[in-house]
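Asks:
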Amino acid sequence: YIHISKGNLYLQLQLKNRHSRILYKYNPLLIRGIKNHNATSLEKKEIFSSHHEEKDTASKKLAKKIDEMENTFIKDYLSKKNIGNHETFKKNENLFKCSNSKKCEDVTDEELNEKINNLKGPVDPKTMYLVWNFVYNHEKKKYIRMQGDTLKYCKSLASDYKIPINYEKKTWKNINIKMTEAFLKKGHSDFKNIKTFAGEDLCARWEFQRYIYMKRKLWTEYREKIKEKWISKLNNTFKKYNEKK
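Note that the sequence shown covers residues 1 to 245 in UniProt numbering.
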């Protein structure tokens with residue numbers, strides 16, 4: 001059983017709540033200097049509506065022409081915006097594509113932070129999956145390193161308590177299996193979470209960066225708790241064995 005702190009629970013709740021920040025591709029509110037198109041149309045109707053509405057055909061034609069011009073402008077803007085977005089998506093993808101797996105495995109925390117900070121917005125689902133996969137593999141490497149450190153501690157402790165090699169190996173095998181299961185469980189949970197988060201929508205750059213930051217913080221806490229749990233278990237197991245001799 002792993003104790004989850006209140007701060008940890010807060011981070012997990014934050015990771016589940018992102019739909020308030022979704023960037024819808026065709027939302028006219030994204031266009032600087034233009035009001036909501038529906039609201040603008042409503043205002044025009046109010047302006048041109050009167051008890052003389054049937055007679056005021058010139059006003060109706062003018063309102064229609066304004067609508068057509070505005071619609072054309074919005075379509076042109078969004079078309080150009082999409083071209084710009086595709087270029088941004090490509091640059092973001094290239095930051096996290098790996099032609100050399102060894103080079104990707106050797107990336108440091110500082111280098112990974114730099115990659116994440118260099119993301120440009122908005123971020124599309126494909127980029128979100130690429131970044132998540134890159135971060136997941138980075139955290140996996142750190143988790144495996146933590147298992148290696150725990151094994152070294154196990155050997156050192158067994159030597160101090162003069163534990164027989166067979167009992168030492170049996171104890172470590174059991175602990176290593178449990179630690180690996182904990183990693184797989186966390187990874188599976190994260191995979192389901194990124195599927196929900198990414199969906200099929202664009203996401204604000206800062207919102208996705210915050211999501212990744214929270215994920216990495218949770219991984220750090222998780223590793224520390226797993227290590228603390230099984231080191232404590234090793235201490236108790238070898239101490240009890242030594243007392244029985």
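Ideal Cβ placement from N, Cα and C applies to all residues, glycine included.
1. Just confirm the distance between the C-beta atoms of Lys120 and Asn92, as a whole number of angstroms; I'd bet it's less than 8 Å.
2. At the level of alpha carbons, what is the spacing between Lys170 and Arg223?
3. For Leu184, count neighbouring Cβ atoms within 10 angstroms of its own Cβ and tell me buried if that reaches 16, exposed if not.
4. Count the other C-beta atoms from every protein chain shown that fall within 10 angstroms of the C-beta of Phe238, then say buried if there are 16 or more, exposed otherwise.
5. Is the beta carbon of Met146 closer than 8 Å to that of residue 250?
6. Using a 10 Å radius around the Cβ and a threshold of 16 neighbouring Cβ atoms, would you call Ile163 buried or exposed?
7. If I measure Cβ to Cβ from Trp172 and keep anything under 6 Å in the same chain, skipping five residues before and after, which residues do I get?
8. Going by Cα to Cα distance, which pick from His138, Tyr136, Lys90 and Met214 is closest to Lys126?
9. For Lys186, count neighbouring C-beta atoms within 10 Å of its own C-beta (all shown protein chains included) and say buried if the count is 16 or more, exposed if not.
10. Is Val123 helix, strand or coil by DSSP?
11. Can you look up Ile83 in the DSSP assignment and give me helix, strand or coil?
Replies: In brief:
1. Rounded, the Cβ-Cβ distance is 6 Å, consistent with contact.
2. When the Cα atoms are used, Lys170 and Arg223 turn out to be separated by approximately 23 Å.
3. exposed
4. buried
5. Residue 250 lies beyond the residue range present for the chain, which begins at 1 and ends at 245; the question has no answer from this structure.
6. The residue is buried, with at least 16 neighbouring Cβ atoms inside 10 Å.
7. Cys154
8. Lys90
9. buried
10. strand
11. For Ile83, the pLDDT reaches just 49, beneath the cut-off of 50, and the residue's location in the model is therefore unreliable, although a value from the coordinates is still provided. In the structure shown, Ile83 sits in a helix (DSSP, three-state: H, G or I).
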